[in-house]
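The structure appears right after this line, and notes come after that.
Protein chains: 2
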Amino acid sequence: MVVARPRIKDVARHAGVSEKTVSNVINDYVHVSDRTRRAVREAIDHLGYRVNLAGRHLRTGRSGVIALVVPELDVPYFAELARHVIRAAEQCSLTVLVHQSGGDRGHELAALSGFGSDFVDGIILSPLALTSDDLRERAGAPPTVLLGELLEEGADHVAIDNEQAAREATEHLIALGRRNILVIGGRDAPGLGTAEARTRGYRAALSAAGIAYDAAALLPVAAFRMPDGADAVTRALRDGARPDALLCLNDQLALGALRALYEHGVRVPEDVAVMGFDDVEGGRYSVPTLSTVAPDKAAVATSAVHLLRHRIDEANRPPDGGDVTAAAPLSPQDRVVAHRLVLRESTEGARH
Amino acid sequence: MVVARPRIKDVARHAGVSEKTVSNVINDYVHVSDRTRRAVREAIDHLGYRVNLAGRHLRTGRSGVIALVVPELDVPYFAELARHVIRAAEQCSLTVLVHQSGGDRGHELAALSGFGSDFVDGIILSPLALTSDDLRERAGAPPTVLLGELLEEGADHVAIDNEQAAREATEHLIALGRRNILVIGGRDAPGLGTAEARTRGYRAALSAAGIAYDAAALLPVAAFRMPDGADAVTRALRDGARPDALLCLNDQLALGALRALYEHGVRVPEDVAVMGFDDVEGGRYSVPTLSTVAPDKAAVATSAVHLLRHRIDEANRPPDGGDVTAAAPLSPQDRVVAHRLVLRESTEGARH
DNA sequence: CAGGCGTTGTACATCGTTGTAAAAACATGG
DNA sequence: CCATGTTTTTACAACGATGTACAACGCCTG
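Sequence order for the protein chains is A and B. Per the numbering used here, residue 3 is the first one in the first sequence, and the count goes up by one each step. Per the numbering used here, residue 3 is the first one in the second sequence, and the count goes up by one each step.
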């Protein structure tokens, strides 16, 4: 026969105290004598009690679950990021629910306001299709941290300095003597996304080096995945482009590009140097290995999680009894995380 | 000012009915007159009501959340699988919590019995380190579906026919005239894991072709990732092995192996043919592209989710009033999902 | 030793929903 | 018009935990 799981009342009875006292012990309330604390702990261990999260959730309004919303989990960058986020959340006693938006605005919106609001304590969102307007109207939504370029003033976000990173990457290519640099995934809109920021960095580097900028160097892509990178390169070559370098706005595009270049008999890096972004594992084992901009993914994840944790606690503090010492609600945070250039064969060639 | 979210009682008041009636409408209870049903629907829309999952969870004991437990999310196979599982779960109105076990038995055990039991309605577990004993003792755990080789009789599980798949892959290599086939990640234990099953298939193919089996052909790895594949190959070559084919027990090992072979100036497939397992996207763009065993991942995911959904509903049905028509509890299911060989450059060479 | 204060412990109500059981409303047939 | 059966609706009590408010206790001080 299956023994029913013990409840707080069973522990209370077993320890000879009230239910509330057990609750106090569980929640590390200060004013509990060592004697009773020990007794309760013992009862808990003895019965194998563990709190029922449904009850706690209903009572406290917090579930201990946060949502991570990414476009696609099978894009390695997001998978690696998710891994770090889950790890970091664990440290903060949070559990992570992973959602995929498919880069779809509807899904992202739903994530932002909808499904979560009574189930999830907070949201970490890596937006692809959202606009600033969407963000502005998120009333009643749980605390949210955005990953990637800042879309809207009032929101917390965590990212590397994409413009600067792209500039450094481009400067590296220029330093190699390359002048005709195509940008796979580049976008010259005034927009606020990551692609736009990286494109700005590219232009800044060109301009600083006195190289003319040609909008035709930006090759748009439907998605940031390998097939798109391969297609873009194939199309460009067929259209007569003769680049001596590619700045690919993520590693998936770059890996697809490497493949397409190989198929066209173009040597990397001799004929064309290739840079990516993200430093995914695949780029460390490709042929040739891929030079890339490596964001500190662990730092992105921990920053986002800690920031979110802070917001959650903040939102849950008693409605401020005018206590002057109480920390004022934190102003919107822009956390910039470190990145570095990782130079490998696709720009520097094999070591001898 | 923020308006508090409406509760069921607000809807009830607004529609002029009892709370229970609202609940009945929400849950599509049959005996509600069309008139009241409409009125309640209208009130719901008008107030923008949405059920509070905490309350429902506490009352019903079900959260609508299932856990997916994989060793590491940044192994592309698991990321791709997770994507499919999340999709499939969505179809069944289930939400997915992703856990990473790190291939650690402790974590897997915790997943199996611990954290979930009052929070998660069911578990999909891709075990790496669990033993049959661990599985047998999962009392009081929520319904569980295992992915991968069957570890224990009483458990539901979903997998491809790993032994057969490995046999086909090996036969393909043999048909190419290869005789000296190393198995990266091979394991000859009597064990029950996926690696063991694939190794059996390899041996069966050798034996059928009259090729002698040498246990030294099995190259153990610490993990099933690119570095391990590269290391294994490097070590083997240094030790004087001169294989003409590699059967890598997953694509990550294979991609690592490709890189190592390249570094040693070994041509693929001319000198050494390489096969992997899983058909991850990386293998479609590697140089050379990777021949592999492609499991129907979407089918694995949907089978697992549907099976789990079934178990959850089953576990929640009223304790059977002797109704003869009630479906008997399903016996443990072994679902075998289709796979196929995908032949690419790493065994067949480039097309001309 | 009364009075005051800070520490420990408890009774009770409550979070939002749904199952139970029974009442109310409605139909049907004699 | 009443007995009978079938819908439709409702009151009430849970589910398990914790916040509030207060009682009990010990200790110190005057």
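The C-beta atom is built at its ideal place from N, Cα and C for all residues, glycine as well.
- Going by beta carbons, residue 146(B) and residue 157(B) fall inside the 8 Å limit.
- Within the stretch 67–84 of chain A, the residues whose Cβ lies closer than 7 Å to any Cβ of chain B are, in chain order, 74, 75, 76, 78, 81, 82 and 84.
- Taking a contact as a CB-CB distance under 8 Å, the pair residue 250(A) and residue 276(A) counts as one, their CB atoms being some 7 Å apart.
- Only 228 and 232 from the stretch 209–241 of chain B bring a Cβ to less than 7 Å from some Cβ of chain A.
- Among the residues facing chain A, residue 97(B) is included, as its CB has a counterpart in that chain under 8 Å away.
- C-alpha of residue 272(B) to C-alpha of residue 291(B): approximately 14 Å in a straight line.
- Not one beta carbon of chain B lies nearer than 8 Å to the beta carbon of residue 111(A).
- The beta-carbon of residue 266(B) is placed no less than 8 Å from the nearest beta-carbon of chain A.
- Judged by DSSP secondary structure, residue 149(B) falls within the beta strand (DSSP E) whose first and last residues are 146–149.
- In the three-state DSSP reduction, residue 27(A) falls in the helix class (H, G or I).
- For residue 102(A), the pairing in a beta bridge is given by DSSP as 72(A).
- Taking 8 Å as the threshold, the shortest C-beta distance from residue 279(A) to chain B does not fall below it.
- Counting along the chain, the unbroken beta strand (DSSP E) around residue 279(B) starts and ends at 275–279.
- In this structure, DSSP gives residue 229(B) a helical state, which the three-state scheme calls helix.
- Counting only the Cα atoms, residue 240(B) lies some 34 Å from residue 85(A).
- Apart from the 5 residues on each side of it in sequence, residue 176(A) sits with its Cβ closer than 6 Å to the Cβ of 211 in its chain, given in chain order.
- Between residue 195(A) and the set 150(A), 41(A) and 125(A), the nearest pair of CA atoms involves 150(A).
- The DSSP-derived three-state label of residue 336(A) is strand.
- Residue 100(B) reaches chain A at 70, 75, 84, 88, 98, 99 and 100, counting residues in chain order whose Cβ is nearer than 9 Å.
- Pairing residue 187(B) with residue 223(B) gives a Cβ-Cβ distance under 8 Å.
- Residue environment analysis places residue 215(B) among the exposed positions, since fewer than 16 neighbouring C-beta atoms fall within 10 angstroms of its C-beta.
- The alpha carbon of residue 70(B) has as its nearest neighbour, out of 180(B), 126(B), 287(B) and 46(B), the alpha carbon of 126(B).
- The C-beta of residue 261(B) comes closer than 8 Å to at least one C-beta of chain A.
- Interface annotation, residue 344(A): not in contact with chain B, CB-CB separation never under 8 Å.
- The way I'd put it, the stretch 342–350 of chain A does touch the stretch 294–306 of chain A; three or more beta-carbon pairs between them come closer than 8 Å.
- Taking C-beta atoms as the reference points, residue 152(B) and residue 336(B) count as a pair closer than 8 Å.
- With contacts defined as CB atoms closer than 8 Å, residue 246(B) and residue 200(B) fail to qualify as a contacting pair.
- Contact with chain B is absent for residue 310(A), since none of that chain's Cβ atoms lies less than 8 Å from the residue's Cβ.
- Shown here for residue 75(B): same chain residues with a beta carbon closer than 8 Å to its own, the five before and five after excluded, namely 81, 84, 100 and 102 in chain order.
- In the DSSP assignment, the residues bridged to residue 293(A) are 277(A).
- Each residue's CA atom was taken as its position, placing residue 55(B) and residue 307(B) some 21 Å apart.
- For residue 66(B), there is no enclosing alpha helix (DSSP H), as DSSP marks it with neither H nor E.
- When secondary structure is reduced to three states using DSSP, residue 12(A) falls in the helix class.
- For residue 127(B), the enclosing beta strand (DSSP E) has its first and last residue at 124–127.
- With its beta carbon at least 8 Å from every one in chain A, residue 51(B) lies outside the interface.
- Cβ-Cβ separation between residue 303(A) and residue 90(A): approximately 5 Å, consistent with a contact (criterion under 8 Å).
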